[in-house]
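Chains as they are written, first to last, in my numbering: chain A, 390 to 610; chain B, 13 to 60.
Cβ coordinates follow ideal geometry from the N, Cα and C atoms, glycine included.
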Amino acid sequence: MTVVRWLVPLAMVAALFMAFVFAPTEATMGDVQRIFYFHVPSAWVAFMAFAVVFVASIQWLRTRSQRWDALAVSAAEIGVLFATVALVTGSIWAKPTWGTWWDWDPRLTSTLILWLIYVSYMMLRSVIENPSKRASLSAVVGIVGFVDVPIVFMSIRWWRTIHPVVITGNSMNLDPSMLLTLMVCLAAFTLLFVHLLGMRLALEQQREEVNLLREAILYEE
Amino acid sequence: MGNLIYLFAAYTIIWLAALLYSFSIGSRQKSLEREIETLKAVLAERTS
Numbered sequence: 390m391t392v393v394r395w396l397v398p399l400a401m402v403a404a405l406f407m408a409f410v411f412a413p414t415e416a417t418m419g420d421v422q423r424i425f426y427f428h429v430p431s432a433w434v435a436f437m438a439f440a441v442v443f444v445a446s447i448q449w450l451r452t453r454s455q456r457w458d459a460l461a462v463s464a465a466e467i468g469v470l471f472a473t474v475a476l477v478t479g480s481i482w483a484k485p486t487w488g489t490w491w492d493w494d495p496r497l498t499s500t501l502i503l504w505l506i507y508v509s510y511m512m513l514r515s516v517i518e519n520p521s522k523r524a525s526l527s528a529v530v531g532i533v534g535f536v537d538v539p540i541v542f543m544s545i546r547w548w549r550t551i552h553p554v555v556i557t558g559n560s561m562n563l564d565p566s567m568l569l570t571l572m573v574c575l576a577a578f579t580l581l582f583v584h585l586l587g588m589r590l591a592l593e594q595q596r597e598e599v600n601l602l603r604e605a606i607l608y609e610e
Numbered sequence: 013m014g015n016l017i018y019l020f021a022a023y024t025i026i027w028l029a030a031l032l033y034s035f036s037i038g039s040r041q042k043s044l045e046r047e048i049e050t051l052k053a054v055l056a057e058r059t060s
């Protein structure tokens with residue numbers, strides 16, 4: 390994790406350089422298109438985080454090991470953060486491009502539903518006191534909610550949409566230098582995700598230590 | 013020039029979100045560290 394901690398700032402500086410200096414200005418949208426280089430990786434991190442929630446939730450239901458629940462809640466929190474960033478930056482890009490902050494387009498609507506599912510996941514966790522019950526019920530939401538991730542990804546292919554389609558079949562609708570910039574930004578955000586997940590997991594371990602110490606004190610009484 | 017304000021706003025929000033979240037984790041970690049120290053002291057007192 391120490392290597393990742395040092396790599397994250399370097400990767401983010403490289404991503405900024407690629408997005409603002411290396412990548413050419415898009416002909417139709419102009420400089421506002423550069424939002425794309427951090428907007429898409431934000432959505433990518435949210436998808437990765439929700440995939441981690443999905444796997445960790447299955448593992449919790451299989452093993453009942455607390456570390457899987459800790460992983461699920463850590464990833465869900467990061468997923469909600471980056472889904473929020475993707476929604477907000479997408480809306481900011483939409484205003485000068487589409488002339489509106491929001492449109493009930495299939496991609497935008499399915500992403501908003503995804504965000505609501507995982508906000509509900511976090512809210513559900515905050516209202517259940519029993520740790521085992523909390524982990525089991527939220528695991529069910531974490532597994533069922535993940536169904537929306539492929540729907541969000543495929544929405545621009547299944548339905549008529551005004552959202553740009555970058556990946557079509559096996560090809561990319563992007564200039565090679567723009568594609569390289571996007572790849573660097575995706576790599577930087579993946580590292581940022583790993584780093585944040587490590588930090589958030591450490592927090593869950595501390596919480597577990599607090600619970601164990603409290604139990605030990607109660608046992609002593 | 014008009015569109016640059018949107019670019020600035022989007023990148024500001026991304027960086028603020030990442031920084032505030034990192035600070036939030038750091039602050040929660042410090043708070044738990046203090047709680048762990050207090051609980052350890054209480055436990056040591058009870059067992060001695």
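| query | result |
| --- | --- |
| Close Cβ partners of residue 397 of chain A (< 6 Å) along its chain, the five nearest in sequence each way excluded | 580, 581, 584 |
| When A:427, A:448, A:441, A:533 are compared against residue 463 of chain A, the one with the closest alpha-carbon | A:441 |
| N-terminal and C-terminal residue of the alpha helix (DSSP H) that residue 512 of chain A is part of | 495-516 |
| 7 Å Cβ cutoff, residue 470 of chain A in contact with chain B | yes |
| Listed by chain order, chain B residues near residue 345 of chain A by CB distance under 8 Å | The question about residue 345 of chain A has no answer here: the residues shown for chain A are numbered 390 through 610. |
| Proximal residues, the segment 474-486 of chain A versus chain B, C-beta separation under 8 Å | 474, 477, 478, 481, 482, 484, 485 |
| Contacting positions in the segment 47-60 of chain B - beta carbon closer than 8 Å to chain A | 47, 48, 51, 52, 54, 55, 58, 59 |
| Own chain residues within Cβ distance below 7 Å of residue 422 of chain A, not counting five before or after | 415 |
| For residue 468 of chain A, the three-state DSSP class (helix, strand or coil) | helix |
| Residue-level contact to chain A via CB, residue 44 of chain B, 7 Å cutoff | yes |
| contact_flag[the segment 424-443 of chain A, the segment 528-540 of chain A] where n(CB pairs < 8 Å) is 3 or more | yes |
| Partner residues on chain B for residue 595 of chain A, Cβ-Cβ distance less than 8 Å | 41, 44, 45, 48 |
| Between the CA atoms of residue 457 of chain A and residue 393 of chain A - distance to the nearest angstrom | 22 Å |
| Where the alpha helix (DSSP H) through residue 537 of chain A begins and ends | 537-547 |
| For residue 27 of chain B, the first and last residue of its enclosing alpha helix (DSSP H) | 16-59 |
| Assigned secondary structure, residue 561 of chain A (DSSP; H/G/I helix, E/B strand, else coil) | strand |
| Euclidean distance between Cα positions of residue 470 of chain A and residue 565 of chain A | 30 Å |
| Three CB pairs or more closer than 8 Å across the segment 485-495 of chain A and the segment 28-38 of chain B | no |
| Contact under 7 Å by Cβ, residue 577 of chain A with residue 437 of chain A | no |
| Assumed close pair residue 411 of chain A, residue 570 of chain A - CB separation to whole angstroms, cut-off 8 Å | 6 Å |
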